[in-house]
Amino acid sequence: MLRHLARSVSAAALAALVSLAAAPALHAADNERPRVAILATGGTIAGVQAHPGAAAYKPGVLTLDHLLAQLPGLDQVARLEGEQVANIASQDITAELWLRLARRAAAHLADPAVSGVVITHGTDTMEESAWLLRLVLRSEKPVVLTGAMLPATHPQADGPVNLRSAVAVAASPAARGYGPLLLLNGELHPARDVRKTATEAIDTFQSPNDLPVGAASPAGPSFSVSASSIRPAPGGGFDLAALDADALPRVVIVAAHGDADGSVVDALLALPAERRPAGIVLAGVGNGNASAPLLAALERASSAGIVVVRSSRTGRGLVDRNLEVDDDRLGWIAARALSPQKARILLVLGLTRTRDLAELQRLFDEA
Ligand code: DGL
Numbered sequence: 348m349l350r351h352l353a354r355s356v357s358a359a360a361l362a363a364l365v366s367l368a369a370a371p372a373l374h375a376a377d378n379e380r381p382r383v384a385i386l387a388t389g390g391t392i393a394g395v396q397a398h399p400g401a402a403a404y405k406p407g408v409l410t411l412d413h414l415l416a417q418l419p420g421l422d423q424v425a426r427l428e429g430e431q432v433a434n435i436a437s438q439d440i441t442a443e444l445w446l447r448l449a450r451r452a453a454a455h456l457a458d459p460a461v462s463g464v465v466i467t468h469g470t471d472t473m474e475e476s477a478w479l480l481r482l483v484l485r486s487e488k489p490v491v492l493t494g495a496m497l498p499a500t501h502p503q504a505d506g507p508v509n510l511r512s513a514v515a516v517a518a519s520p521a522a523r524g525y526g527p528l529l530l531l532n533g534e535l536h537p538a539r540d541v542r543k544t545a546t547e548a549i550d551t552f553q554s555p556n557d558l559p560v561g562a563a564s565p566a567g568p569s570f571s572v573s574a575s576s577i578r579p580a581p582g583g584g585f586d587l588a589a590l591d592a593d594a595l596p597r598v599v600i601v602a603a604h605g606d607a608d609g610s611v612v613d614a615l616l617a618l619p620a621e622r623r624p625a626g627i628v629l630a631g632v633g634n635g636n637a638s639a640p641l642l643a644a645l646e647r648a649s650s651a652g653i654v655v656v657r658s659s660r661t662g663r664g665l666v667d668r669n670l671e672v673d674d675d676r677l678g679w680i681a682a683r684a685l686s687p688q689k690a691r692i693l694l695v696l697g698l699t700r701t702r703d704l705a706e707l708q709r710l711f712d713e714a
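The numbering of the sequence shown is my numbering, which starts it at 348 and goes up by one.
Structure below.
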């Protein structure tokens with residue numbers, strides 16, 4: 348049919364016809380288009396360069412309204428309802444903002460008319476937000492976190508295609524049941540394993556232990572594994588309503604390295620009791636290892652009642668109990684698949700439920 352038309356219409360008109368025929372339901376009736384909530388928090392996707400061509404830029408400048416104005420036709424894919432929850436560089440995210448974001452997402456997910464939620468977010472801590480949401484949200488509906496590695500004013504800005512794809516995924520019934528998904532560069536990553544692995548590469552997000560669960564484009568998702576293969580939230584997840592940002596246990600990460608002493612841990616122990624952390628996550632070398640002086644300092648910390656979890660700086664593989672470190676004797680926990688930053692979040696929430704070491708280890712085994 349299009350070939351027949353080719354003799355009677357201009358190339359531009361033909362191109363328009365082809366794009367119209369190929370685009371998904373661009374003019375579906377109002378009641379047919381799914382509703383998608385978009386929660387904006389800032390990041391590079393909302394970033395602005397100091398001047399055209401500048402490497403320097405400021406994240407968290409443009410509002411969601413401005414970002415959507417750059418995406419004509421997006422409202423034909425889904426009926427959009429936007430909310431500017433924050434406008435920050437994501438390295439500044441806080442427990443208060445995490446819980447506020449989770450509560451806003453939960454509220455939209457509870458609306459029967461909403462098909463899914465998109466969260467625009469800085470990439471620096473996007474993996475942590477995705478994991479936190481995995482632990483506290485209970486909906487089967489898709490929650491898609493996306494952002495950008497290049498600012499909105501950059502000629503090759505990747506934010507627009509990421510946001511178009513994220514809306515299409517959040518609008519798709521095929522995306523139900525995967526838990527929060529992180530979408531950048533056309534890849535869909537579940538929350539547990541995904542991590543930012545490069546400072547500037549467009550394909551920075553990788554899931555070294557799990558691999559992506561599918562691909563996505565502005566036409567929607569294509570999953571390579573079923574939602575039933577996604578690991579459930581450990582311990583059945585946590586009750587968001589019961590969490591108070593001001594009362595969350597404080598957990599810090601201590602890095603192991605060559606020639607490490609125990610001074611950082613001893614400085615924590617020297618703090619007044621009320622300022623000491625409830626937990627320490629070791630970002631260990633190799634399989635969650637550390638130098639003898641650092642291990643000794645951590646033993647002093649656990650003797651003082653601080654819960655110690657061993658994770659690894661390596662970025663891939665599992666940290667297992669009792670390999671080079673006698674976790675049973677020390678009363679420590681092995682982080683298994685969780686990176687130090689995600690182990691920290693699970694320990695924070697785990698300590699709101701229990702201080703039983705066996706129960707805490709079970710949470711990490713289930714993660
Ligand atoms: N400061 C970083 C952040 O907001 C910018 C990186 C980005 O969003 O890609 O996470």
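Think of the CB as a built atom: it goes at the ideal place given N, C-alpha and C, for glycine as much as any other residue.
| message | To the nearest angstrom, how far is the alpha carbon of Ala749 from that of Arg676? | response | Residue numbering for the chain in the displayed model covers 348 to 714; residue 749 lies beyond these limits and cannot be assessed.
| said: Quick check: the Cα distance between Gly609 and Ala644, rounded to an integer number of angstroms? | reply: Rounded to whole angstroms, Gly609 to Ala644 spans 5 Å at the Cα level.
| message | Please tell me whether, using a cut-off of 6 Å, the distance from the CB of Thr470 to the nearest non-hydrogen atom of the ligand DGL is below it. | response | Short note on Thr470: C-beta closer than 6 Å to some heavy atom of the ligand DGL.
| With which residues is Lys488 paired in a DSSP beta bridge? | Partner(s): none; Lys488 has no beta bridge.
| task | Would you kindly check if the distance between the Cβ of Val654 and the Cβ of Ala690 is under 7 Å? | result | No, the pair does not count as a contact, with Cβ atoms beyond the cut-off.
| query | Helix or strand or just coil, what does DSSP make of Gln553? | reply | In the structure shown, Gln553 sits in a strand (DSSP, three-state: E or B).
| request: For Gly390, verify whether its CB is less than 6 Å away from any heavy atom of the ligand DGL. | output: Yes; taking the cut-off as 6 Å, the Cβ of Gly390 has a heavy atom of the ligand DGL nearer than that.
| For the ligand DGL, any of its heavy atoms closer than 6 Å to the Cβ of Gly662? | The answer is no for Gly662.
| Ends of the beta strand (DSSP E) at Ser649? | Where Ser649 is concerned, there is no enclosing beta strand (DSSP E), although the alpha helix (DSSP H) it sits in stretches over 639-650.
| request: Give me whichever residues DSSP pairs with Tyr404 in a beta bridge. | output: Bridge partners of Tyr404: Gln396.
| task | Check whether the region 424-438 touches the region 383-403, counting contact only when three or more Cβ pairs, one atom from each stretch, lie closer than 8 Å. | result | With a cut-off of 8 Å, the region 383-403 and the region 424-438 count as touching, because enough Cβ pairs lie within range.
| Between which two residues does the alpha helix (DSSP H) harbouring Pro419 extend? | Segment: none, Pro419 is in no alpha helix (DSSP H) and carries neither H nor E.
| said: Quick check on the DSSP output: what are the complete alpha helix (DSSP H) runs of length 4 or more inside the region 672-699, in order along the chain? | reply: DSSP runs (the alpha helix (DSSP H)) wholly in the region 672-699: 674-677, 687-697.
| query | Ordered along the chain, which non-local residues of its own chain (more than five positions away) have a Cβ less than 8 Å from that of Lys543? | reply | Here the set comprises Thr470, Asp471, Met473, Glu474, Thr551, Phe552.
| Under a three-way DSSP split, which group does Val537 fall into? | Reading off the sequence shown, one finds Pro at residue 537, where the question assumed Val. The answer is strand: DSSP assigns Pro537 an E or B state.
| said: Can you tell me whether Ser437 sits near the ligand DGL, meaning its C-beta is under 6 Å from at least one heavy atom of the ligand? | reply: Result yes, Cβ under 6 Å from the ligand DGL.
| said: Do Ile627 and Gly648 count as a contact pair if the criterion is CB distance below 7 Å? | reply: The question names Gly, yet the displayed sequence has Ala at residue 648. For the 7 Å CB-CB criterion, Ala648 and Ile627 form a contact.
| message | Could you tell me which whole alpha helix (DSSP H) segments of length 4 or greater appear in the region 496-547? | response | Taking only runs of at least 4 residues, the alpha helix (DSSP H) segments lying wholly in the region 496-547 are 506-517.
| message | By the DSSP assignment, the alpha helix (DSSP H) with Leu289 in it spans what residues? | response | No answer is possible for residue 289: it lies beyond the span of the chain, which begins at 348 and ends at 714.
| message | Please tell me whether, using a cut-off of 6 Å, the distance from the CB of Pro406 to the nearest non-hydrogen atom of the ligand DGL is below it. | response | Proximity of the beta carbon of Pro406 to the ligand DGL is indicated: a heavy atom of the ligand is located closer than 6 Å.
| query | On the premise that Pro489 lies in contact with Ala517, defined as a C-beta separation below 8 Å, what is that separation, rounded to the nearest angstrom? | reply | Indeed, because the Cβ distance is near 5 Å, the residues count as touching under 8 Å.
| Can you check whether the CB of Ala452 is closer than 7 Å to the CB of Val464? | Contact check for Val464 against Ala452 passes: the beta carbons are separated by less than 7 Å.
| Out of Asn634, Arg702, Ala705, Leu670, which has the shortest C-alpha to C-alpha gap to Pro687? | It is Asn634 whose Cα lies nearest to the Cα of Pro687.
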